[in-house]
Amino acid sequence: MTLSPRTLRPPLPLPLPPTSNRRPPPRPSRPRLPALARRRSSSVLLARPPRAGAGAGDGGMASHPTLLEHMGRAGAPADLAVLVAHIQAACKRIAALVASPGNADLSRAKPAAAGGASAAAGRDAPKPLDELSNEIILSSLQSSGKVAVVASEENDLPVWMCDDGPYVVVTDPLDGSRNIEVSIPTGTIFGIYDRLVELDQLPVEEKAQLNSLQSGSRLVAAGYVLYSSATIFCISFGAGTHGFTLDRSTGEFVLTHPSMQIPPRGQIYSVNDARYFDWPEGLKKYIDTIRQGKGQHPKKYSARYVCSLVADFHRTIIYGGVAMNPRDHLRLVYEANPLSFLAEQAGGRGSDGKTRILSIQPVKLHQRLPLFLGSMEDMLELESYGDVQQKVNPGYDV
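As structure tokens, this is what we get:
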């Protein structure tokens, strides 16, 4: 057989005897990929080139400001920066908690007596993981010294913290905790208001309640943290929505999604359509129409549904379309207002199917309503069908 030059290989060097003083020949070095290419991070992060002068070994991270650096460059008030620093610290702890072994047991609801306090207040049955997350959030807000009152989905009543705190915080500490057992993404949602100083002379219980029931149009800032394959902190201070990804090598949230914009129209709808036969005719007609590509957009829509509000909303911001729960299930104060604020700051819309969410005045802390969030054109088309709020079987468990 004749061997071609390509098949020939130089002989391997023989091993040296133990008594030899000669050094073995050096092994040929393998080419190393640049640090940025090795890094398994978000596509946005990989796509952004390092700024001039950035070190070659930092993976391009020098070009991405941290959350607090971004706030400093934007001229955010010092008190607000301190508050956000404590919120992000709490969310890092929750991110570690939801990823820890044994959290499945913590995600199961406690057995509750019928007519208990949670049911009376309109809250879901408590779970240990929700309660732990709530304690982490409240402790961090207390430590900040910047919060007068906090209203949490996990508490029947708002908690007054200090008389001179400039801010009011509303929060759902761990949305979607029932999904922990099967490793589906979860999230934290929060909104920040100015304290209403004109109420300072009222009794504590009264001013705590009224401060917490502010309209979403008065939000100073709002955000959510998605706990998934990456931990992503999305926030708006009223000048656009920005996304920060937790860099686990430094422990910092770094800017990876600046000035997020919901596409004017998407091609995805997100809803539990197993409940199709409970829907009103308007919603049925809308979904049937867009699935067949017979709506205002000629392409057929696809369904994507995680049953985790933060995850479904985050996908909607990135890809467009509409995410919805058509029944009176989601909370105006803790979920609908903050997420609608973020949607509007990203060029989208949040409504209850008829009315802009941020224009609705809350009357109860745990007030529930239908929620539709998404691309502006998709939302307007949806609302044009009129009858989209589910009134049949509104109370089944999800």
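If you read the sequence shown in the working numbering, its first letter stands for residue 2, the second for the next number, and so on. Glycine is no exception: its CB is placed at the ideal position from the N, C-alpha and C atoms.
- Glu-253: member of the beta strand (DSSP E) spanning 253-261, first to last residue.
- Nearest to Gln-262 by C-alpha distance, out of Asp-80, Cys-163 and Arg-350, is Arg-350.
- Counting C-beta atoms within 10 angstroms of its own C-beta, Ala-97 has fewer than 16 neighbours from the protein chains shown and is therefore classed as exposed.
- Taken in chain order, the complete beta strand (DSSP E) segments of 3 residues or longer contained in the segment 183-253 are 187-195, 222-228, 232-237 and 242-248.
- For Phe-373, the enclosing beta strand (DSSP E) has its first and last residue at 369-375.
- Annotated as distal: Val-171 and Asp-195, with beta-carbon spacing of 8 Å or more.
- When secondary structure is reduced to three states using DSSP, Pro-102 falls in the coil class, being assigned neither helix nor strand.
- Each residue's CA atom was taken as its position, placing Tyr-225 and Cys-235 some 5 Å apart.
- In this model, Ile-181 and Val-311 are separated by some 14 Å (Cα to Cα).
- Secondary structure note for His-330: its beta strand (DSSP E) is the uninterrupted segment 323-332.
- Closest in alpha carbon position to Tyr-302, among Phe-314, Ser-309 and Asp-289, is Asp-289.
- Residue environment analysis places Phe-278 among the exposed positions, since fewer than 16 neighbouring C-beta atoms fall within 10 angstroms of its C-beta.
- Sorting Asp-176, Phe-238 and Thr-232 by C-alpha distance to the C-alpha of Phe-245 places Thr-232 at the top.
- By the Cβ-count criterion, Thr-242 is buried, with 16 or more other Cβ atoms from all chains shown falling within 10 Å of its own Cβ.
- Residue state for Ala-347 is assigned as coil, using DSSP reduced to three classes.
- In the three-state DSSP reduction, Thr-67 falls in the strand class (E or B).
- As the crow flies, the alpha-carbon of Ala-275 is around 28 Å from that of Leu-343.
- The Cβ-Cβ distance between Gln-368 and Arg-332 falls below 8 Å.
- A direct Cα-to-Cα measurement between His-87 and Val-389 gives close to 39 Å.
- Here the C-alpha atom of Ala-91 lies approximately 24 Å from the C-alpha atom of Ser-260.
- When the Cα atoms are used, Gly-354 and Gly-387 turn out to be separated by approximately 8 Å.
- Inclusion of Thr-251 and His-65 in the CB contact set at 8 Å is not warranted, their separation being larger than that value.
- In the structure shown, Val-364 falls within a coil segment according to DSSP collapsed to helix, strand and coil.
- Bounds of the beta strand (DSSP E) holding Ala-149 are 148-153.
- For Ser-271, the uninterrupted beta strand (DSSP E) run begins and ends at 269-271, by DSSP.
- The shortest C-alpha to C-alpha distance from Lys-365 to any of Ser-385, Ser-216, Val-393 and Leu-200 is the one to Ser-216.
- Taking the C-beta atoms as reference points, Gly-322 is found nearer than 8 Å to Gly-375.
- Here Tyr-320 is actually not in contact with Ser-271; their C-beta atoms are around 10 Å apart, not less than 8 Å.
- Judged by their CB atoms, Leu-359 and Ser-218 are nearer to each other than the 8 Å cut-off.
- Rounded to whole angstroms, the gap between the alpha carbons of Arg-94 and His-298 is 43 Å.
- Residues Lys-301 of the same chain have their beta carbon placed closer than 7 Å to that of Gln-293, with the five preceding and five following residues left out of the count.
- Taking Val-148 as the centre and dropping the five residues before and after it, the same chain places the C-beta of Leu-84, Leu-142, Met-162, Cys-163, Gly-166, Tyr-168, Val-169 and Val-170 closer than 8 Å to its C-beta, in chain order.
- Under DSSP, Trp-161 takes part in a beta bridge, and its partners are Val-150.
- Straight through space, the alpha carbons of Trp-280 and Phe-238 are spaced by roughly 36 Å.
- The DSSP-derived three-state label of Ser-145 is helix.
- For the pair Val-151 and Glu-70, the Cα-to-Cα distance works out to about 26 Å.
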